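In terms of my numbering, the sequence shown is residues 121 to 259. Glycine residues also receive a C-beta, built at the ideal position from the N, C-alpha and C atoms. For clarity, every value in this text was computed on a predicted model and none was experimentally measured. Here is the structure we will look at, set down as structure tokens.
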Amino acid sequence: MLDIAHFRVDQGGNPETVRESQRRRFADVDIVDKVIALDEEWRKCRAQLDDARFELNRTQDKMKPFFKEKKPVPAELTAEKLACDEDIALIAGTEQELIEQRDKALGSIGNIVDDSVLVSKDEDENPIVRTHGEFSNEA
Numbered sequence: 121m122l123d124i125a126h127f128r129v130d131q132g133g134n135p136e137t138v139r140e141s142q143r144r145r146f147a148d149v150d151i152v153d154k155v156i157a158l159d160e161e162w163r164k165c166r167a168q169l170d171d172a173r174f175e176l177n178r179t180q181d182k183m184k185p186f187f188k189e190k191k192p193v194p195a196e197l198t199a200e201k202l203a204c205d206e207d208i209a210l211i212a213g214t215e216q217e218l219i220e221q222r223d224k225a226l227g228s229i230g231n232i233v234d235d236s237v238l239v240s241k242d243e244d245e246n247p248i249v250r251t252h253g254e255f256s257n258e259a
């Protein structure tokens, strides 16, 4: 499976190289765009999850003084924490689905075809690079 960094321009990747490799394989080029779109969606979802966890931590920090003084936590803070927990669970589920979709699409893309490889639909057009031993035609 190719590294996702090949699809991320901001990390030095070049998706056009992957597209060209797909063309050389006579495979679907649109899958590259699908992987890029799913990755962008996952990155946004991951940012939302990080923000939700940050909010949960802030809420828990507000609750700490009550725990230290062994006082009951106000209902508003408890409700806020429960809401944060629900948001995190929902976003984490969405994130996991996006990871599975992205990785499934990514797994359907073959390795990058080298420039030295002949482009043909079948092996009948492949040149003989070298032979080993003697060959006898038994057909």
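Distance, Cα to Cα, residue i vs residue j?
i    : j    : result
P194 : F187 : 11 angstroms
E140 : I211 : 35 angstroms
L197 : K184 : 11 angstroms
D235 : R144 : 10 angstroms
K164 : Q180 : 24 angstroms
E215 : Q142 : 27 angstroms
H126 : D159 : 12 angstroms
A199 : L226 : 40 angstroms
E189 : K182 : 13 angstroms
L169 : G132 : 25 angstroms
E254 : V239 : 28 angstroms
K191 : A203 : 22 angstroms
S256 : E161 : 57 angstroms
I248 : V237 : 12 angstroms
E217 : K201 : 25 angstroms
K154 : E243 : 29 angstroms
N246 : G213 : 47 angstroms
Quick check: residue i and residue j, are their CB atoms within less than 9 angstroms of each other?
i    : j    : result
I232 : L122 : yes
I151 : P135 : no
I208 : A172 : yes
V261 : I229 : A query on residue 261 cannot be resolved here, the shown segment of the chain reaching from 121 to 259 and no further.
L176 : D148 : no
R250 : I124 : no
My assumption, with CB atoms under 8 angstroms, is that residue i sits in contact with residue j. Please give the rounded CB distance.
i    : j    : result
K241 : F174 : About 53 angstroms separates the two Cβ atoms, so there is no contact after all.
Inside the segment 156-234 only - alpha helix (DSSP H) runs reaching at least 4 residues: 195-227
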